[in-house]
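Taking it in order: structure first as structure tokens, then the write-up.
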Amino acid sequence: GQQVMQIPQYQHVQEGEDFTTYCNSSTTLSNIQWYKQRPGGHPVFLIQLVKSGEVKKQKRLTFQFGEAKKNSSLHITATQTTDVGTYFCASAVYSSASKIIFGSGTRLSIRP
Amino acid sequence: DAGVTQSPTHLIKTRGQQVTLRCSPKSGHDTVSWYQQALGQGPQFIFQYYEEEERQRGNFPDRFSGHQFPNYSSELNVNALLLGDSALYLCASSLGTGRNEQYFGPGTRLTVT
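Chains as they are written, first to last, in my numbering: chain A, 240 to 351; chain B, 4 to 116.
Below, the structure is given as structure tokens:
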């Protein structure tokens with residue numbers, strides 16, 4: 240079945256450094272959603288990308304959807320302690336828009 | 004504007020027992036999805052309800068069942084609990100299909116002993 244792989248599993252950065260997490264699939268994705276989950280919290284929707292090659296920005300966050308719609312990335316510029324958490328990508332299964340597959344997440348920790 | 008609510012917050016059950024978890028969607032949302040999240044893992048899709056019917060199901064056994072009520076609220080039932088069912092159970096609501104953004108509730112932490 241459709242799977243979404245996410246790397247790295249963990250990333251520990253100095254505050255002010257950049258951070259990137261990648262999401263990859265062997266099959267074409269219909270869309271890609273990104274969520275952030277703070278420690279002890281629940282996933283919070285960040286953004287959705289649906290078009291090939293799409294790039295969206297939210298302040299220090301940049302989201303990209305690959306040209307082949309098989310990969311995506313989330314880049315954070317100049318991390319802050321408020322960025323701590325686990326970032327998940329998710330996609331609706333192509334054959335059924337109702338089934339959502341989540342990646343395993345990248346946990347970001349930051350040294351002040 | 005009320006967000007997604009879930010009850011109870013925490014639950015401890017014994018192996019073999021049955022449990023019912025509840026979810027109220029965000030105001031205006033008609034679709035409810037349930038997820039199981041084990042520690043350190045991403046949420047795993049259990050099923051989705053729309054118009055009081057199960058629209059799609061993930062790779063979970065029949066011990067996991069659900070229901071959606073006319074007011075769009077939903078229940079997740081798990082029978083014959085196993086130790087491996089211990090997890091955070093998340094409810095997410097959305098409008099229409101799974102290609103729309105989902106709003107998650109705070110979750111129910113289930114511990115099976």
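By construction, the Cβ of each residue, glycine as well, lies at the ideal position given by its N, Cα and C atoms. Since this is a predicted model, take the numbers as computed values, not measurements.
Below 7 Å between beta carbons is the criterion; list the residues of the segment 297-318 of chain A that meet it against any residue of chain D, in chain order.
No chain D is present in this structure, whose protein chains are A and B.
Do the CB positions of Ala90 of chain B and Gln40 of chain B come within less than 8 Å of each other?
yes
Just to confirm the assignment, what range does the beta strand (DSSP E) spanning Glu57 of chain B have?
56-60
Taking Ser96 of chain B as the reference, which of B:Val115, B:Phe63, B:Tyr53 has the closest Cα?
Among B:Val115, B:Phe63, B:Tyr53, the Cα nearest to that of Ser96 of chain B is on B:Tyr53.
Can you pull the DSSP bridge partners for Phe258 of chain A?
A:Ile315
Excluding the 5 residues flanking Lys295 of chain A on each side, which residues of the same chain have their C-beta closer than 7 Å to its C-beta?
Ile286, Leu288, Phe302
Kindly confirm or deny that the segment 304-312 of chain A and the segment 265-276 of chain A touch, where touching means at least three C-beta pairs closer than 8 Å.
yes
Any residues in the segment 90-115 of chain B with a beta carbon nearer than 9 Å to a beta carbon of chain A? Which ones, in chain order?
Listed by position along the chain: Leu91, Leu93, Ala95, Gly99, Thr100, Gly101, Arg102, Asn103, Glu104, Gln105, Tyr106, Phe107, Gly108, Pro109, Gly110.
Looking at chain A, is there any beta carbon in it that lies within less than 8 Å of the beta carbon of Phe72 of chain B?
no
Which of helix, strand or coil does DSSP assign to Gly87 of chain B?
helix
What's the C-alpha gap between Arg18 of chain B and Asp88 of chain B?
9 Å
Only counting runs of 3 or more residues, tell me where the beta strand (DSSP E) segments fall wholly within the segment 10-35 of chain B, in order along the chain.
As for any beta strand (DSSP E) of minimum length 3 sitting wholly inside the segment 10-35 of chain B, the runs are 13-16, 22-27, ordered along the chain.
Is the shortest distance between the beta-carbon of Gly344 of chain A and the beta-carbons of chain B less than 8 Å?
yes
Taking only beta-carbon positions, decide if Lys338 of chain A is within less than 8 Å of chain B.
Interface residue, yes.
For Arg58 of chain B, go through chain A and note every residue whose CB falls closer than 7 Å to its CB, in chain order.
Residues of chain A whose Cβ lies closer than 7 Å to the Cβ of Arg58 of chain B are, in chain order, Ser337.
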